[in-house]
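Student:
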Amino acid sequence: MTVALMWEARALPGKGPDLLAWAEERLRELPAPPVRREVLRAPQDRVLVITWWDAPYDADLPELPEPDAGTTARPVHRWRFESVGGA
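Just so you know, the sequence shown maps onto residues 99 to 185 in the working numbering.
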């Protein structure tokens, strides 16, 4: 089964590059690498990290922590999805 973890944070004005660099560094520090990962940045200084794992839906998977203080404008949003098959 494939599980996708989505992590989204909105940076304070002007802190988008700092948040992006922070997320990339934390991805490299995960105890196990995901099967696939993608990091996206929106013009509003939002950073979205999607990691895909070959694991059961209820597995204990490594996730990105809260960013450093003074970087984000609101709490991190997290979502977990499981694959439901292909078309």
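Positions of the beta carbon are idealized from the N, C-alpha and C atoms, including for glycine.
1) Under three-state DSSP, which class holds ALA107?
2) Just the C-alpha distance for VAL137 and ALA157, rounded to the nearest angstrom, thanks.
3) By alpha-carbon positions, which one of ALA167, ARG178, TRP177 ends up nearest to LEU110?
4) Do you know offhand how far TRP105's Cα is from GLY183's?
5) Helix, strand or coil for GLU180, going by three-state DSSP, please let me know.
Tutor: According to the data block:
1) Secondary structure of ALA107 (DSSP, three-state): strand.
2) Looking at the two C-alpha atoms, the distance is approximately 22 Å.
3) Checked all of ALA167, ARG178, TRP177; the closest Cα to LEU110 is ALA167.
4) When rounded, the separation of the alpha-carbon atoms in TRP105 and GLY183 is 22 Å.
5) Strand at GLU180.
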